[in-house]
Amino acid sequence: MRICFSPVKRFGGQVTLPDTYTFGQVMAWEQALDAAASAGGKGYAAWHALLPGIIACVDKWELTGVPEQPTPETFPFTPLVSANKLMAWLMGEVQAQIAAGDELPNA
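Numbering of the sequence shown is given in the numbering used here, commencing with residue 1 and proceeding in unit increments.
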């Protein structure tokens, strides 16, 4: 398990990512990326499209203001600046964890 600490003050705390992702989790992430691209690749529709992929890839949520089991409908999106920072951070952590498997020595 990999614990990631939020750099966003408004949504302080941590999320836990698995050491390895399942095929279903990677597919959820890929489908979310495709949906975000179909939504124009930027803006709130793209952020919303990414949420199912992010949610599928986080094992445990311990962030202030975020439900323990968030859904796209319950995920906070205000205040906007902090929510945008939260989304950007989560996207980066998920993508980094997916890519990390290829960078392990002797893998």
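Yeah, the Cβ is synthetic: ideal placement off N, Cα and C, and Gly gets one too.
**Request:** Select from 82, 98, 40 the residue whose C-alpha is nearest the C-alpha of residue 63.
**Result:** 82
**Request:** Using 10 angstroms around the beta-carbon of residue 53, count the other beta-carbons present and answer buried if the total reaches 16, otherwise exposed.
**Result:** By the neighbour-count criterion, in which a residue is buried when 16 or more other Cβ atoms sit within 10 angstroms of its Cβ, residue 53 is buried.
**Prompt:** Can you find a C-beta in chain B that's less than 7 Å from the C-beta of residue 87?
**Reply:** In the structure shown, chain B cannot be found, because there is only a single protein chain.
**Asked** If you draw a straight line from the C-alpha of residue 14 to the C-alpha of residue 76, how long is it?
**Response** 15 Å
**Request:** Take residue 100 as the anchor and find which of 20, 12, 11 has the nearest alpha-carbon.
**Result:** 20
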